[in-house]
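These protein sequences, in sequence, are chains S and L. Heads up: the first sequence at position 138 corresponds to 138 in full-length UniProt numbering, and the numbers run straight through without jumps. Heads up: the second sequence at position 15 corresponds to 15 in full-length UniProt numbering, and the numbers run straight through without jumps.
Number of protein chains: 2
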Amino acid sequence: MWSTEDSQMMSLAIELAKKGLYTTRPNPCVGCVIVKDSVIVGEGYHIRAGGPHAEVYALNMASDDARGATAYVTLEPCSHYGRTPPCAKALIEHGISRVVIAVTDPNPQVSGRGISMLQAAGIQVDVGLLTDAAKQINLGFLSKMESGLPRVTVKLAASLDGKTALANGESKWITGPEARRDVQRLRARHCALVTGVETILADDPSLNVRHSELGSLASEIAPAEIHQPLRVVLDSKARLGAKLNLFNVPSPILLVSTCDYPESVKSAWPSHVNHQILPAKNARIDLDALLKLLGQTCNSVLVEAGATLAGAFVAEQRVDEIVLYQAMKLLGDKGRALLALPQFESMAQIPNINLIDERKVGRDTRLTLKMSN
Amino acid sequence: MWSTEDSQMMSLAIELAKKGLYTTRPNPCVGCVIVKDSVIVGEGYHIRAGGPHAEVYALNMASDDARGATAYVTLEPCSHYGRTPPCAKALIEHGISRVVIAVTDPNPQVSGRGISMLQAAGIQVDVGLLTDAAKQINLGFLSKMESGLPRVTVKLAASLDGKTALANGESKWITGPEARRDVQRLRARHCALVTGVETILADDPSLNVRHSELGSLASEIAPAEIHQPLRVVLDSKARLGAKLNLFNVPSPILLVSTCDYPESVKSAWPSHVNHQILPAKNARIDLDALLKLLGQTCNSVLVEAGATLAGAFVAEQRVDEIVLYQAMKLLGDKGRALLALPQFESMAQIPNINLIDERKVGRDTRLTLKMSN
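See below:
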């Protein structure tokens, strides 16, 4: 069904889509390639929410050459008037004769309408080319659209014997500078970071993305283009005070607790701090309620927390992926544990994980593990 | 100084030497290639202690063609009458005109004598080609010769969070069948296995090399060719009884304690069980004394023990290499620790290790780590 040219052009469209990885959210990454008589006459990708869609860039580039051409799009063209006019309409108006789509619109209420609009205009529409590869670049967006819940990634860093710090808490630096820069890029791809009150009390981190620490990415993205992820702190007993390094960075913060903070603390918060009370479950914030809340605005959540909170996400099967930075070190049994999990009685009870990627990051190894919940 | 042909022929000699990896000990692995007018006229390797040396196989193959030829040998030819006549003499008698040597005899009392004997006969001797590569295949032999101590490798197996078993002790199977076969091959390359009494009491293992579990190696080595490593059990308080699975396999066993066993136990031991009392250090067997004892007969020691004994070897800097089999699993903080080490107060105190090899073994990863003591 698919020609070699079809596959090549959709691969290119997917590569273009990836260029929006750090800038499009909460919108999906989308790429578009327009081909006429085996010549690429237009290409484009979605750069940021509110800006033109991939198809618009590609059609503008193709101009009159779009007439009778084939458009390869990684996601079904939109059919509705949002902040921009519908792309299906633009493709029709430019005289495109065939549209190849990798992934249909995941929103069940609109899925297929872009296709119908194109077909009604007499355009040949072929759906399903390189679908898996095209889904990979929008896993968070697809998760939110399909389930209302964000994709959850847990970031961990430990020695070869699974320790995050010495007994006295010293952890600088278990992993090297390359791994720390990689974490900055990981943060920059997520809509929200989630951490626990213990991490804030122990380290008083800013939890922001620092342009100077993005490594190779710094040359591809301007400081102003960085989307600072929403910083979410789980503070079930409302223990945090009003003076934190977190507050000194002006991007949004969400404090989540199961009871209210004292007025004296709340009144001292800067304006970029929001607060939400959620129900408790086993004396902790209910993670289901948290993820439903975050799913209203976030495609993807990165959990950067201590053994207890990270372990709760894993034990409650609320994790899609684990990114583990492993340092070639041995800290010994007195060091601090990586992940607090229930006491298992048999191997059948342990979490089901699969290695999906492994690479060197400086002297450390980064393992990407998929969890089957 | 070295021609391309020199390097190629010594590489081949090293590859030949490796064929003896499982059979030559306590002798070193040695390979020999004889070349005349750029044609290989003889090759051989040392197969087993007491049998002919590599040079003899190669000279027999070359026969009259050895006259005026160059012999490439991975280790300095011997100059003394042992169980076989000196190889230097054989090389002279066959009329070899040049000998290229990778590594000189590591025994300082004999080093250079083979070379002198060859030179005295008018043979050109060139030393030092591919020395590092040739040393790699005899690290244990070289260690014993140079320091009187065997090379020590610690084998570890753990989950990604550094746990060897669940809290209840269940550990079957953290690693997969390929990793367990790899451990059998690792055992088969070592002169001795060292374990602790706790492992014997908990698992009652046989600690032997099982031909049926050697995987790909099984087709290259006959069951009778397997050298069963000396099985060494550290039982400082002489707690072991007289009935153990260990005793059912008839290869040698060495029980080491700091006090004597009751006569009733000793009299029940089969004849392949030996016993040695060694001094204590911090209420445990002195590892220095142990390694000096083992260095009298063993090139290489594989430590397969629990967190306490393996940790003692690491903490006391008595380890050359760690082989860590890492299963893509998470067991959580309640699981059993990989390595008991002292409570470090700063990162400067942790063991100094370097990754030297990493590969997939089935679904597990095998990391080879070099320790800098």
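Idealized CB from N, CA, C, for every residue including glycine.
Task: Cα-Cα separation, L:VAL183 to L:THR195 - done: L:VAL183 and L:THR195 have their C-alpha atoms roughly 14 Å apart.
- [ ] For L:GLN326, write down the residues that DSSP places opposite it in a beta bridge.
- [x] L:GLN326 is bridged by DSSP to L:ALA158 and L:THR365.
Task: Three-state secondary structure assigned by DSSP to S:LYS237 - done: S:LYS237 falls in the coil class under three-state DSSP.
Open item on the list: Which runs of the beta strand (DSSP E) at least 3 residues long sit entirely within the stretch 53-132 of chain L? Give them in chain order.
Closed with: Residue ranges of uninterrupted beta strand (DSSP E) with 3 or more members, entirely inside the stretch 53-132 of chain L and ordered along the chain, are 70-75, 98-103 and 124-127.
Task: C-beta atoms of S:ALA192 and S:VAL232 nearer than 7 Å - done: Yes, they are a contact pair.
Open item on the list: Could you tell me the alpha carbon to alpha carbon distance between L:ILE14 and L:VAL33, rounded to whole angstroms?
Closed with: Cα atoms of L:ILE14 and L:VAL33: separation of roughly 9 Å, rounded to the nearest angstrom.
TODO: Report the rounded CA-to-CA distance for L:LEU254 versus L:ALA71, giving the unit in angstroms.
DONE: Cα to Cα, the separation comes out at about 41 Å.
Open item on the list: Using a Cβ distance threshold of 8 Å, determine whether the stretch 106-117 of chain S contacts the stretch 139-147 of chain S, with at least three qualifying pairs required.
Closed with: Taking a cut-off of 8 Å for Cβ pairs, the stretch 106-117 of chain S and the stretch 139-147 of chain S touch, as three or more such pairs fall below it.
Open item on the list: Quick check: the Cα distance between S:LYS89 and S:ARG67, rounded to an integer number of angstroms?
Closed with: Straight-line Cα distance between these residues: approximately 14 Å.
TODO: Name, going along the chain, the residues of the stretch 167-191 of chain S whose beta-carbon falls closer than 9 Å to a beta-carbon of chain L.
DONE: Those would be ALA167, ASN168, GLU170, SER171, LYS172, TRP173 and ILE174, in chain order.
TODO: Entirely within the stretch 213-267 of chain S and at least 3 residues each: give me those beta strand (DSSP E) ranges in chain order.
DONE: Considered as a whole, the stretch 213-267 of chain S harbours 230-234 and 253-257 as its complete beta strand (DSSP E) runs of no fewer than 3 residues, in chain order.
Task: Neighbour flag for S:GLY50 against chain L, beta carbons, 7 Å - done: For S:GLY50, the answer is no, since every Cβ of chain L falls outside 7 Å of its Cβ.
TODO: Within 10 angstroms of the Cβ of S:ILE101, are there 16 or more other Cβ atoms? Answer buried if so, exposed if not.
DONE: Burial is judged here by how many other beta carbons sit within 10 angstroms of a residue's own beta carbon; S:ILE101 has at least 16 and is buried.
Open item on the list: Give me, in chain order, the residues of the same chain whose beta-carbon lies closer than 7 Å to that of L:GLY362; leave out the 5 immediate sequence neighbours on both sides.
Closed with: Beyond the five residues adjoining it in sequence on each side, L:GLY362 comes within less than 7 Å, by CB distance, of GLY176, PRO177, GLU178 and ALA179 in the same chain, given in chain order.
Task: Terminal residues of the beta strand (DSSP E) in which S:ILE277 lies - done: Bounds of the beta strand (DSSP E) holding S:ILE277 are 273-277.
Open item on the list: Between L:SER271 and the ligand PLP, is there a pair consisting of the residue's CB and a ligand heavy atom that are separated by less than 6 Å?
Closed with: Absence of the ligand PLP from the depicted structure is noted, as is the absence of any ligand whatsoever, leaving it without description.
Open item on the list: So, with DSSP's three-state summary, where would you put L:GLU316?
Closed with: Reduced to three states, the DSSP call for L:GLU316 is coil.
- [ ] Kindly list the residues whose CB is nearer than 6 Å to the CB of L:SER79, restricted to its own chain and excluding five residues on each side of it in sequence; keep chain order.
- [x] Taken in chain order, the residues that qualify are PRO86, ALA88, ARG113, GLY114 and MET117.
- [ ] Assign L:MET371 to one of three DSSP states: helix, strand, or coil.
- [x] Three-state result, L:MET371: strand.
- [ ] Determine contact between the stretch 16-30 of chain S and the stretch 151-166 of chain S, defined as no fewer than three beta-carbon pairs at a distance below 8 Å.
- [x] Two segments are said to touch when three or more pairs of C-beta atoms, one from each, lie closer than 8 Å; by this definition the stretch 16-30 of chain S does not touch the stretch 151-166 of chain S.
Task: Test: L:ASP344 CB closer than 7 Å to a CB of chain S - done: Sequence check: residue 344 of chain L is Phe here, not Asp. So yes, L:PHE344 belongs to the interface.
TODO: Pick out the complete beta strand (DSSP E) segments inside the stretch 283-317 of chain L, 3 residues or longer, and give them in chain order.
DONE: Qualifying beta strand (DSSP E) stretches, in chain order: 300-303.
TODO: Report the three-state DSSP secondary structure of L:ASP6 (helix, strand or coil).
DONE: When DSSP states are grouped into helix, strand and coil, L:ASP6 belongs to the helix group.
TODO: Name, in chain order, the residues that DSSP records as bridge partners for L:ARG151.
DONE: DSSP lists L:SER300 as partners of L:ARG151.
TODO: Report the residue from S:GLY140, S:MET328 and S:LEU338 whose alpha carbon sits nearest the alpha carbon of L:ARG366.
DONE: Comparing Cα-Cα distances from L:ARG366 to each of S:GLY140, S:MET328 and S:LEU338, the minimum goes to S:MET328.
Open item on the list: Quick test of your reading: S:SER346 and L:GLU170, contact by CB under 8 Å. State the CB separation rounded to the nearest angstrom.
Closed with: The C-beta distance from S:SER346 to L:GLU170 rounds to 6 Å, short enough to fall under 8 Å.
TODO: Use the C-beta contact count for S:ASP204: other C-beta atoms within 10 angstroms, 16 or more gives buried, fewer gives exposed.
DONE: Exposed.
- [ ] Can you have a look at L:TYR57 and say buried or exposed, based on whether 16 or more other CB atoms are within 10 angstroms of its CB?
- [x] So L:TYR57 counts as buried.
Open item on the list: At the 7 Å Cβ level, is L:GLY82 part of the contact set with chain S, yes or no?
Closed with: Chain S places no beta carbon closer than 7 Å to that of L:GLY82, leaving this residue out of the contacts.
Task: is_contact[S:MET328, chain L] using C-beta, thresh 7 Å - done: S:MET328 counts as touching chain L.
Open item on the list: Cutting at 6 Å between CB atoms, please list the residues of its own chain near S:LEU130, excluding the five before and the five after it.
Closed with: A distance below 6 Å between beta-carbons, with the five flanking residues on each side excluded, links S:LEU130 to the following residues of its chain, in chain order: MET10 and ALA102.
Open item on the list: What does the alpha-carbon distance come out to for the pair S:ALA222 and S:LEU230?
Closed with: S:ALA222 and S:LEU230: Cα-Cα distance of roughly 19 Å.
TODO: Give the residues of chain L in contact with S:LYS163, contact being defined as C-beta atoms less than 8 Å apart.
DONE: In chain order: GLY162.
Open item on the list: Distance check for S:ALA120 and S:SER111, CA to CA, integer angstroms please.
Closed with: Answer to the nearest angstrom: the Cα atoms are 15 Å apart.
- [ ] Would you be able to state if there are at least three C-beta pairs under 8 Å between the stretch 302-316 of chain S and the stretch 246-263 of chain S?
- [x] Verdict: no, contact absent.
Open item on the list: Only counting the same chain, and skipping five residues up and downstream in sequence, which positions put a Cβ closer than 6 Å to that of S:PRO279?
Closed with: Within the same chain, S:PRO279 has close Cβ partners ASP286 and ALA289.
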